[in-house]
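Remember, my numbering sits 380 above the position in the sequence shown when you count from 1.
We treat Cβ as the ideally placed atom computed from N, Cα and C, and that holds for glycine.
One structure is given here, and the rest of the page talks about it.
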Amino acid sequence: MKSYIFATAAVTAAILAACGGGGSSTQAPVAQYPQNADMWAGLGGNANAPAAVAKVVDDAVAGLLADPKEAPYFAHIGMPGHDSIGRLKACLNLQFDALFGGPYSYPGMVTADGTTQMCDDMTSVHADVGVPSCVFDQFITDAAAVMKADGVPDAYVGRVAPVLVGLKPQILASNPQYLGPNTAANCQ
Numbered sequence: 381m382k383s384y385i386f387a388t389a390a391v392t393a394a395i396l397a398a399c400g401g402g403g404s405s406t407q408a409p410v411a412q413y414p415q416n417a418d419m420w421a422g423l424g425g426n427a428n429a430p431a432a433v434a435k436v437v438d439d440a441v442a443g444l445l446a447d448p449k450e451a452p453y454f455a456h457i458g459m460p461g462h463d464s465i466g467r468l469k470a471c472l473n474l475q476f477d478a479l480f481g482g483p484y485s486y487p488g489m490v491t492a493d494g495t496t497q498m499c500d501d502m503t504s505v506h507a508d509v510g511v512p513s514c515v516f517d518q519f520i521t522d523a524a525a526v527m528k529a530d531g532v533p534d535a536y537v538g539r540v541a542p543v544l545v546g547l548k549p550q551i552l553a554s555n556p557q558y559l560g561p562n563t564a565a566n567c568q
């Protein structure tokens with residue numbers, strides 16, 4: 381019986397190892413935007429770029445939650461069934477780390493609120509938010525201003541802005557599930 385248990389455990393371990401499950405991986409992270417590796421290096425590489433990106437994310441999220449046009453769409457952050465501020469920032473940090481050429485890919489795993497979690501794709505995470513075009517455009521404008529204010533070179537902002545704008549179809553939705561239908565009129 382013991383040999384059967386050991387054999388079963390060995391086969392299970394081999395299967396998990398073959399498909400990437402179980403234990404920690406020694407595989408290096410893959411850069412989603414390797415063409416932007418020069419920006420990652422310019423922001424300080426692995427030693428300093430994550431802190432620079434975190435500052436941009438912190439300031440962008442603070443602006444998002446304070447802006448009268450954008451804030452209503454994200455007012456449920458931290459409420460049951462919605463992301464916490466910690467998870468929102470962790471996932472945005474991962475996304476921007478990847479975007480700026482770091483050795484990361486989005487969506488991916490992050491640690492937030494004391495647990496390791498998978499970030500959702502942009503379509504899924506915004507499905508119930510109902511972000512209209514005018515709110516998306518305002519966020520892009522604000523994000524570019526935050527990047528510049530936080531010392532990101534204009535050339536870098538010019539390179540990442542088209543990628544962010546390219547996310548628009550994944551983020552827009554016609555009806556927020558928890559806001560009134562006229563909320564979008566705030567910015568039109």
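Only residues of its own chain outside the window of five on either side were considered, and among them Pro430, Val433, Ala434, Val437 and Val490 have a CB closer than 8 Å to the CB of asparagine 473, listed in chain order. The beta carbon of leucine 468 sits closer than 7 Å to the beta carbons of Val441 and Ile457 from its chain, once the five residues preceding and following it are set aside; these are given in chain order.
Check the Cα spacing between valine 543 and each of Leu479, Lys449 and Asp508: the tightest is with Leu479. Residues of the same chain with a CB within less than 6 Å of the CB of serine 464, apart from the 5 flanking positions on each side, are Gly458 and Asp493 in chain order. The continuous alpha helix (DSSP H) containing alanine 427 extends over residues 425-446. DSSP places valine 511 within a strand segment (E or B) once states are collapsed to three. Per the Cβ contact rule, the segment 415-425 is in contact with the segment 526-539 (3 or more Cβ pairs under 8 Å). With respect to the 7 Å criterion, proline 483 and alanine 411 are classified as neighbours on the basis of their beta carbons.
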